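Colleague: This is the structure, below, for whatever I ask next.
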Amino acid sequence: MSALPASGPGQEAPADDVVLRIRDLNVTFTTGSGEVPAVRGIDLEVRRGRVVALVGESGSGKSVTSLSVLGLLPSTARVTGSVELDDGGRLRGVVATPEDQLVDLRGRVASMVFQEPMTALNPTMTLGDQIAEAVLNHERIPRVVARERAVELLRSVGIPDPERRARQYPHELSGGQRQRVVVAIALACEPRLIVADEPTTALDVTVQAEILDLLRELVAERGTALLLVTHNMGVVADIADEVAVMSGGRIVEHGLVEQVLLDPAHEYTRALLDAVPAAPPASAGVAGAVSDGGALSASDRVAVADPADDREIVLDLRGVSLDYRVQGRHVRAVDGLDLTVRAGEMLGLVGESGSGKSTAGRACLGLLTPSAGEVLLLGTSIARARGRARRRLLADVGVVFQDPGGSLDPRKLVGESIAEPLAIHGRDGRRLSGAERQARVRELLDAVRLPAGAERRYPHEFSGGQRQRIGLARALALRPRLLVADEPTSALDVSVQAEVLQVLRDLHEELGFGCLFISHDLGVVHELTDRVAVLRSGRLVESGPTAEVFSAPRELYTAELLASVPTPDPAAQRERREARLRLVSVGAEAPGAAR
Amino acid sequence: MTTAIPVQSGSVEAGVAAPGLVRAQRGGFGRFLVRRVLQALAVILVVSVIVFALLHALPGGPARGVLGQQATPEQIAAFEAANGLDQPVVLQYLSFLGRSLTGDLGESYLLNQSVADAIGMRLPKTLLLTGLSLVVAVIVAVPVGVYQAVRRNRAVDYWFSTLAIVAYSTPTFFLGMLLILLLSQNAGLFPAAAPQGNGIAEVLSQPAGLVLPVLTGAVPIVATFSRYMRSSTLDNLGEDYVRTARAKGTAYRDVVVRHVLRNSLTPVVAMLGYYLPVMFGGALVVEQLFNYPGMGLLFWSAAQSSDFPVLLGCVLVISVATVVGSLLADVIQALLDPRTRGGLR
Numbered sequence: 001m002s003a004l005p006a007s008g009p010g011q012e013a014p015a016d017d018v019v020l021r022i023r024d025l026n027v028t029f030t031t032g033s034g035e036v037p038a039v040r041g042i043d044l045e046v047r048r049g050r051v052v053a054l055v056g057e058s059g060s061g062k063s064v065t066s067l068s069v070l071g072l073l074p075s076t077a078r079v080t081g082s083v084e085l086d087d088g089g090r091l092r093g094v095v096a097t098p099e100d101q102l103v104d105l106r107g108r109v110a111s112m113v114f115q116e117p118m119t120a121l122n123p124t125m126t127l128g129d130q131i132a133e134a135v136l137n138h139e140r141i142p143r144v145v146a147r148e149r150a151v152e153l154l155r156s157v158g159i160p161d162p163e164r165r166a167r168q169y170p171h172e173l174s175g176g177q178r179q180r181v182v183v184a185i186a187l188a189c190e191p192r193l194i195v196a197d198e199p200t201t202a203l204d205v206t207v208q209a210e211i212l213d214l215l216r217e218l219v220a221e222r223g224t225a226l227l228l229v230t231h232n233m234g235v236v237a238d239i240a241d242e243v244a245v246m247s248g249g250r251i252v253e254h255g256l257v258e259q260v261l262l263d264p265a266h267e268y269t270r271a272l273l274d275a276v277p278a279a280p281p282a283s284a285g286v287a288g289a290v291s292d293g294g295a296l297s298a299s300d301r302v303a304v305a306d307p308a309d310d311r312e313i314v315l316d317l318r319g320v321s322l323d324y325r326v327q328g329r330h331v332r333a334v335d336g337l338d339l340t341v342r343a344g345e346m347l348g349l350v351g352e353s354g355s356g357k358s359t360a361g362r363a364c365l366g367l368l369t370p371s372a373g374e375v376l377l378l379g380t381s382i383a384r385a386r387g388r389a390r391r392r393l394l395a396d397v398g399v400v401f402q403d404p405g406g407s408l409d410p411r412k413l414v415g416e417s418i419a420e421p422l423a424i425h426g427r428d429g430r431r432l433s434g435a436e437r438q439a440r441v442r443e444l445l446d447a448v449r450l451p452a453g454a455e456r457r458y459p460h461e462f463s464g465g466q467r468q469r470i471g472l473a474r475a476l477a478l479r480p481r482l483l484v485a486d487e488p489t490s491a492l493d494v495s496v497q498a499e500v501l502q503v504l505r506d507l508h509e510e511l512g513f514g515c516l517f518i519s520h521d522l523g524v525v526h527e528l529t530d531r532v533a534v535l536r537s538g539r540l541v542e543s544g545p546t547a548e549v550f551s552a553p554r555e556l557y558t559a560e561l562l563a564s565v566p567t568p569d570p571a572a573q574r575e576r577r578e579a580r581l582r583l584v585s586v587g588a589e590a591p592g593a594a595r
Numbered sequence: 001m002t003t004a005i006p007v008q009s010g011s012v013e014a015g016v017a018a019p020g021l022v023r024a025q026r027g028g029f030g031r032f033l034v035r036r037v038l039q040a041l042a043v044i045l046v047v048s049v050i051v052f053a054l055l056h057a058l059p060g061g062p063a064r065g066v067l068g069q070q071a072t073p074e075q076i077a078a079f080e081a082a083n084g085l086d087q088p089v090v091l092q093y094l095s096f097l098g099r100s101l102t103g104d105l106g107e108s109y110l111l112n113q114s115v116a117d118a119i120g121m122r123l124p125k126t127l128l129l130t131g132l133s134l135v136v137a138v139i140v141a142v143p144v145g146v147y148q149a150v151r152r153n154r155a156v157d158y159w160f161s162t163l164a165i166v167a168y169s170t171p172t173f174f175l176g177m178l179l180i181l182l183l184s185q186n187a188g189l190f191p192a193a194a195p196q197g198n199g200i201a202e203v204l205s206q207p208a209g210l211v212l213p214v215l216t217g218a219v220p221i222v223a224t225f226s227r228y229m230r231s232s233t234l235d236n237l238g239e240d241y242v243r244t245a246r247a248k249g250t251a252y253r254d255v256v257v258r259h260v261l262r263n264s265l266t267p268v269v270a271m272l273g274y275y276l277p278v279m280f281g282g283a284l285v286v287e288q289l290f291n292y293p294g295m296g297l298l299f300w301s302a303a304q305s306s307d308f309p310v311l312l313g314c315v316l317v318i319s320v321a322t323v324v325g326s327l328l329a330d331v332i333q334a335l336l337d338p339r340t341r342g343g344l345r
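Protein chains in written order, with my numbering: chain A, 1 to 595; chain B, 1 to 345.
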């Protein structure tokens with residue numbers, strides 16, 4: 001397989017096709033503030049043709065473990081214990097191994113797939129060359145032959161027109177296709193083990209499902225072992241044979257996938273699974289969804305609440321179109337969107353990346369002006385309000401963004417950040433005194449369940465979930481009638497997400513504001529919202545009561561989207577997967593639903 | 001102008017990214033180029049107005065400068081009439097503009113030569129000097145910067161960084177004198193005077209004389225660009241694609257040469273274009289110091305003697321060089337990066 005002579009001392013012959021054996025692995029990072037242990041004495045074995053999932057929340061040590069398999073940890077890491085890879089019948093150590101031997105192992109014996117397909121590839125090298133390089137690293141063959149191999153590899157990971165693609169650069173491909181290229185690089189030398197670190201986390205659910213299909217196929221066809229690092233229990237159920245659950249640098253539970261996911265022994269695993277939002281039903285809607293995805297009838301196209309509902313309409317989008325101007329040309333991001341949100345109601349706006357859902361959200365905040373149609377807040381058009389009237393109108397809208405770190409000023413005390421809207425807008429048309437503001441800040445912090453004294457600390461002293469709750473407190477400072485929440489929990493771990501969502505739900509019930517909840521996570525939307533609107537390429541595909549849309553989608557696209565959300569139950573997930581594949585084949589036949 | 005821009009450890013991208021590039025991606029390279037050229041022409045026009053106005057605001061005007069303090073009002077009136085200085089400024093400017101479009105930049109008051117000829121004789125020599133300095137500087141700065149980035153925060157890195165700080169905080173005239181003292185007076189390796197002569201060929205026939213001027217011009221550029229290169233390389237070493245390359249078994253050395261170098265070079269090469277005016281400023285001092293008959297020396301003597309047409313011509317040439325430099329920078333960057341090159345096809 002390799003032209004390079006295998007070097008290093010051979011260990012005892014591996015039993016039972018073990019391709020990776022980790023024994024008592026400890027990884028400690030030396031930082032400015034001392035030694036930080038990341039992995040504490042873990043044992044793990046991965047066998048040929050098996051998929052082992054390493055799950056855990058951020059900081060659990062799962063990514064550090066995955067990097068240690070290829071000896072890719074930074075120089076600040078101190079590693080003890082052993083990591084051994086099977087190299088043609090001999091186990092070869094990775095810990096404390098000279099770099100030239102590691103270079104020989106990487107890519108040939110074990111290779112890696114990373115999370116971010118957008119940045120994992122060299123932007124100035126053709127895809128063919130990047131794949132060919134992996135081959136040339138380990139085999140002495142002419143460059144042309146390596147290029148031909150690259151084209152074959154592109155074909156085998158399902159890239160259409162591979163000859164042309166091989167000459168292209170990464171930016172010419174979509175995220176999902178780029179991830180396929182990263183997989184092709186990992187496969188180039190037919191390694192015994194592929195380590196995949198959150199390979200689908202950055203992708204849309206439908207693309208995630210496709211990449212998982214690809215990985216499953218490769219394992220089945222080539223007998224490659226897969227060590228899959230992920231935080232997504234649904235992904236685990238979809239593809240893994242075994243699961244190891246990590247927490248605080250230790251493996252707290254390890255077993256077969258059915259056992260761990262359906263009958264977890266450790267309380268941490270149970271808590272983790274409880275925090276996962278229930279995936280919306282998939283198979284139920286499959287039979288019903290037969291629409292061609294073309295034109296909708298007028299009543300379907302309008303995400304308007306039940307006319308019998310007499311609660312006040314706080315947000316009303318009427319035929320809103322939003323354009324981006326690129327070099328004098330208009331690119332339509334949202335096309336003729338109708339939406340309403342009533343007081344006390346939660347409307348989920350879902351769609352994949354690029355569907356225009358965040359753009360629509362920004363228009364509701366008055367940050368973008370529609371090129372057609374109008375956005376009404378409390379019955380008043382934002383575009384027509386000017387000066388003080390506009391400010392007063394916008395004081396009735398609160399907003400929470402995705403990144404809890406980036407949306408708080410790092411140099412401001414938490415109390416100052418929360419008090420800022422109070423200082424700008426006052427309350428009921430009058431300015432608040434310092435003492436009144438402080439009292440209100442404490443009230444808000446209490447409402448989002450942060451301890452007293454939090455207002456005198458800085459954002460960096462809080463965790464991601466706490467920061468997002470601070471953001472929520474700030475958004476609610478003026479008692480808004482409408483809250484726009486744009487992916488508020490997408491950057492958080494599931495357990496933290498559950499916490500933040502609970503706070504949001506409680507406050508929503510208590511304060512009765514209308515909420516536009518923008519998310520790509522159908523599970524969260526399913527759990528949280530009353531009504532849902534599905535967006536695709538800037539157009540409203542389908543809308544209605546969440547339970548109705550999710551259990552009996554009328555549109556093929558909605559059904560496919562729903563079926564793509566993996567559920568953390570292996571048997572149920574197998575059904576979902578089959579349901580999705582049926583939908584995809586239906587979609588391929590239906591002329592109007594080309595993706 | 002002669003001291004190099006100090007670059008701190010921060011990202012080089014901020015100062016380097018051409019603002020037009022992002023838009024160029026979608027609008028097509030041709031349109032981007034046309035717009036940039038039009039912008040460049042507008043800038044040159046504005047510069048010519050400003051310089052013309054400034055020179056006319058000189059106390060006493062050019063006549064007093066040329067004829068001296070003792071000149072009688074009659075002499076001055078005669079000079080102004082002879083050179084068209086008695087006409088309204090706007091008319092003077094328009095006629096200057098009209099003539100310069102045909103390549104006629106007027107006659108020098110003192111050199112007994114047309115401005116175009118004076119510049120035409122000296123510009124190639126300055127281009128030769130700055131060009132050589134640039135080539136030498138890039139050959140040294142790129143490997144030094146990359147090496148520092150790879151060995152970041154080790155002793156070598158600190159030594160090079162210290163050296164760079166010393167080099168770009170040393171005034172060019174002092175550096176030149178130091179080099180003359182050490183390499184010419186003491187060691188006797190190279191002559192202290194630059195090669196004389198009218199043509200490039202004559203200058204090139206005395207290469208030993210070029211060593212010190214080129215070196216003096218190159219040192220501050222090395223100091224600056226090794227810093228740019230270091231920080232650009234550091235940025236790229238932290239990119240995900242580096243990890244991907246290592247994970248497929250590419251040796252670290254090859255990762256640096258094959259992947260990181262190209263990506264780090266793109267913004268730095270473009271930066272060289274923006275650096276052109278700084279180098280012209282440097283030439284002013286270097287040429288004066290080594291008595292090298294180039295644009296710098298011409299500019300210097302014209303400023304001293306209020307040779308108004310020559311001064312105006314020099315400033316115009318330098319501003320054209322500046323604008324062309326930044327235009328080249330944008331184009332080079334667009335060509336090196338496949339993400340912007342797409343519009344060409």
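Using N, Cα and C, we set each Cβ at its ideal position, and we do this for glycine too.
These figures come from a predicted structure and were not determined experimentally.
I'd like to know whether the C-beta atoms of residue 149 of chain B and residue 230 of chain B end up nearer to each other than 7 Å.
Modeller: In the second sequence, counting from the first residue as 1, residue 149 of chain B sits at position 149. In the second sequence, counting from the first residue as 1, residue 230 of chain B sits at position 230. Against a cut-off of 7 Å, the Cβ pair of residue 230 of chain B and residue 149 of chain B comes out as a contact.
Colleague: Does residue 407 of chain A come out as helix, strand or coil in the three-state DSSP assignment?
Modeller: Here residue 407 of chain A is taken as the residue at index 407 of the first sequence, counted from 1. Residue state, collapsed to three classes: coil.
Colleague: For residue 264 of chain B, which of helix, strand or coil comes out of DSSP?
Modeller: The count along the second sequence starts at 1 and reaches residue 264 of chain B at position 264. DSSP places residue 264 of chain B in helix when its eight states are reduced to three.
Colleague: Is the region 480 to 487 of chain A close to the region 457 to 469 of chain A, with three or more CB pairs under 8 Å?
Modeller: The answer is no - the region 457 to 469 of chain A does not touch the region 480 to 487 of chain A, with fewer than three Cβ pairs under 8 Å.
Colleague: Return yes when at least one heavy atom of the ligand PLP lies under 6 Å from the C-beta of residue 227 of chain B, else no.
Modeller: In the structure on display, the ligand PLP does not appear, and there are no ligands present to speak of.
Colleague: Run the CB neighbour count on residue 291 of chain A, radius 10 Å, all protein chains shown included, and call it buried at 16 or more, exposed below.
Modeller: To locate residue 291 of chain A, count along the first sequence from 1; it is residue 291. Any answer about residue 291 of chain A is weak, because its pLDDT of 46 lies below 50 and its placement is not dependable; what the coordinates show is given next. Under this definition residue 291 of chain A is a buried residue.
Colleague: Near residue 274 of chain B, what residues of its chain come up, given a Cβ to Cβ distance below 6 Å and the 5 sequence neighbours on each side ignored?
Modeller: Residue mapping note: residue 274 of chain B aligns to position 274 of the second sequence, counting from 1. Counting only Cβ-Cβ distances below 6 Å, and skipping sequence neighbours, we find 326 and 329.
Colleague: Is there at least one Cβ from chain B nearer than 7 Å to residue 103 of chain A's Cβ?
Modeller: Locating residue 103 of chain A in the first sequence gives position 103, where the first residue counts as 1. Chain B, which has a Cβ nearer than 7 Å to the Cβ of residue 103 of chain A, makes this yes.
Colleague: So with Cβ pairs under 7 Å, would you call residue 169 of chain A a contact of chain B?
Modeller: Translated into positions along the first sequence, residue 169 of chain A becomes position 169. Residue 169 of chain A counts as touching chain B.
Colleague: Report the CB separation of residue 157 of chain A from residue 183 of chain A in whole angstroms; it is logged as a contact under 8 Å.
Modeller: Within the first sequence, the letter at position 157 stands for residue 157 of chain A. Within the first sequence, the letter at position 183 stands for residue 183 of chain A. Right, the Cβ-Cβ distance comes to about 5 Å (below 8 Å), so this counts as a contact.
Colleague: Note down the Cα distance separating residue 111 of chain B from residue 85 of chain B, rounded to an integer number of angstroms.
Modeller: The residue you call residue 111 of chain B lines up with position 111 of the second sequence. The residue you call residue 85 of chain B lines up with position 85 of the second sequence. Taking the straight line from one Cα to the other gives about 19 Å.
Colleague: Does the distance from the CB of residue 95 of chain B to the CB of residue 218 of chain B come in under 7 Å?
Modeller: Within the second sequence, residue 95 of chain B is the residue found at index 95, counting from 1. Within the second sequence, residue 218 of chain B is the residue found at index 218, counting from 1. Not in contact: residue 95 of chain B and residue 218 of chain B (Cβ atoms no closer than 7 Å).
Colleague: Cα separation between residue 338 of chain A and residue 175 of chain A?
Modeller: In the first sequence, the residue the question calls residue 338 of chain A occupies position 338. In the first sequence, the residue the question calls residue 175 of chain A occupies position 175. Spanning the two alpha carbons is a distance of roughly 30 Å.
Colleague: Quick one: which chain B residues come within Cβ less than 8 Å of residue 72 of chain A?
Modeller: Locating residue 72 of chain A in the first sequence gives position 72, where the first residue counts as 1. Result: 243, 246 and 247.
Colleague: Using the rule of at least 16 other Cβ atoms within 10 Å of the residue's Cβ for burial, across every protein chain shown, is residue 88 of chain B buried or exposed?
Modeller: As a working note, residue 88 of chain B is residue 88 in the second sequence. With fewer than 16 other Cβ atoms within 10 Å, it is exposed.
Colleague: Looking at the structure shown, is residue 515 of chain A part of a helix, part of a strand, or coil, going by DSSP?
Modeller: Locating residue 515 of chain A in the first sequence gives position 515, where the first residue counts as 1. In this structure, residue 515 of chain A counts as strand in the three-state DSSP scheme.
Colleague: To the nearest angstrom, how far is the alpha carbon of residue 39 of chain B from that of residue 50 of chain B?
Modeller: Within the second sequence, numbered from 1, the residue matching residue 39 of chain B stands at position 39. Within the second sequence, numbered from 1, the residue matching residue 50 of chain B stands at position 50. If you take the alpha carbons of residue 39 of chain B and residue 50 of chain B, they lie about 17 Å apart.
Colleague: Assign residue 98 of chain B to one of two classes, buried (16 or more other C-beta atoms within 10 Å of its C-beta) or exposed (fewer than that).
Modeller: Numbered from 1 along the second sequence, position 98 holds the residue referred to as residue 98 of chain B. Residue 98 of chain B is exposed by the Cβ-count criterion.
Colleague: Between residue 373 of chain A and residue 406 of chain A, which are expected to be in contact by the criterion C-beta below 8 Å, what is the C-beta distance as a whole number of angstroms?
Modeller: Taking the first sequence and counting its residues from 1, the one referred to as residue 373 of chain A is at position 373. Taking the first sequence and counting its residues from 1, the one referred to as residue 406 of chain A is at position 406. Not really, about 30 Å apart at Cβ, beyond 8 Å.
Colleague: Just to confirm my understanding: we take residue 320 of chain B, look at its own chain, exclude 5 residues before and 5 after, and list those with CB closer than 8 Å. What are they?
Modeller: For the purposes of this step, residue 320 of chain B is taken as residue 320 along the second sequence, with counting starting at 1. The residues are 44.
Colleague: Would you call the CB atoms of residue 465 of chain A and residue 496 of chain A closer than 7 Å?
Modeller: Sequence index remark: in the first sequence, residue 465 of chain A carries index 465 (1-based). Sequence index remark: in the first sequence, residue 496 of chain A carries index 496 (1-based). Contact flag set, yes.
Colleague: Could you compute how far the alpha carbon of residue 314 of chain B sits from the alpha carbon of residue 42 of chain B?
Modeller: Position 314 of the second sequence, counting from 1, holds the residue named residue 314 of chain B. Position 42 of the second sequence, counting from 1, holds the residue named residue 42 of chain B. Cα to Cα, the separation comes out at about 18 Å.
Colleague: Within the 7 Å Cβ cut-off, does residue 80 of chain A reach chain B?
Modeller: Here residue 80 of chain A refers to the residue found at position 80 when the first sequence is read from its first residue. Answer no: the Cβ-Cβ gap between residue 80 of chain A and chain B never drops below 7 Å.
Colleague: Between which residues of its own chain and residue 162 of chain B is the CB-CB distance below 8 Å, once the five residues before and five after are set aside?
Modeller: Position 162 of the second sequence holds residue 162 of chain B. None.
Colleague: Please compile the residues from chain A whose C-beta is within a distance smaller than 8 Å of the C-beta of residue 259 of chain B.
Modeller: Position 259 of the second sequence, counting from 1, holds the residue named residue 259 of chain B. Those within 8 Å of residue 259 of chain B in chain A are 122 and 125.
Colleague: Kindly indicate if chain A contains any beta-carbon less than 7 Å away from that of residue 236 of chain B.
Modeller: Here residue 236 of chain B corresponds to residue number 236 of the second sequence, with the count starting at 1. Chain A contact via Cβ: absent.
Colleague: For the putative contact between residue 514 of chain A and residue 342 of chain A, defined by C-beta atoms under 8 Å, what is the C-beta separation to the nearest angstrom?
Modeller: Locating residue 514 of chain A in the first sequence gives position 514, where the first residue counts as 1. Locating residue 342 of chain A in the first sequence gives position 342, where the first residue counts as 1. That belief holds up - the Cβ atoms of residue 514 of chain A and residue 342 of chain A are roughly 6 Å apart, short of 8 Å.
Colleague: For chain B, check one thing: does any of its Cβ atoms lie closer than 7 Å to the Cβ of residue 330 of chain A?
Modeller: As a first step, residue 330 of chain A must be located in the first sequence, where it is residue number 330. By this cut-off, residue 330 of chain A is not an interface position.
Colleague: Strictly under 7 Å for the Cβ-Cβ distance: is residue 267 of chain B near chain A by that measure?
Modeller: Taking the first residue of the second sequence as 1, we reach residue 267 of chain B at position 267. Output row for residue 267 of chain B: interface = no.
Colleague: With C-beta atoms as the reference, is residue 185 of chain A less than 7 Å away from residue 200 of chain A?
Modeller: For this step, residue 185 of chain A is matched to residue 185 along the first sequence. For this step, residue 200 of chain A is matched to residue 200 along the first sequence. Not in contact: residue 185 of chain A and residue 200 of chain A (Cβ atoms no closer than 7 Å).
Colleague: Would the beta-carbon of residue 116 of chain A fall within 7 Å of that of residue 235 of chain B?
Modeller: The count along the first sequence starts at 1 and reaches residue 116 of chain A at position 116. The count along the second sequence starts at 1 and reaches residue 235 of chain B at position 235. No, Cβ-Cβ distance for residue 116 of chain A and residue 235 of chain B is not below 7 Å.
Colleague: Determine contact between the region 233 to 251 of chain A and the region 30 to 48 of chain A, defined as no fewer than three beta-carbon pairs at a distance below 8 Å.
Modeller: The region 233 to 251 of chain A vs the region 30 to 48 of chain A: in contact.
Colleague: Of all the residues that make up the region 213 to 229 of chain A, which are near chain B by a beta-carbon distance shorter than 7 Å?
Modeller: Hits within the stretch: zero.
Colleague: Would you say residue 119 of chain A faces chain B, with C-beta separation under 7 Å as the test?
Modeller: Translated into positions along the first sequence, residue 119 of chain A becomes position 119. Yes, contact with chain B.
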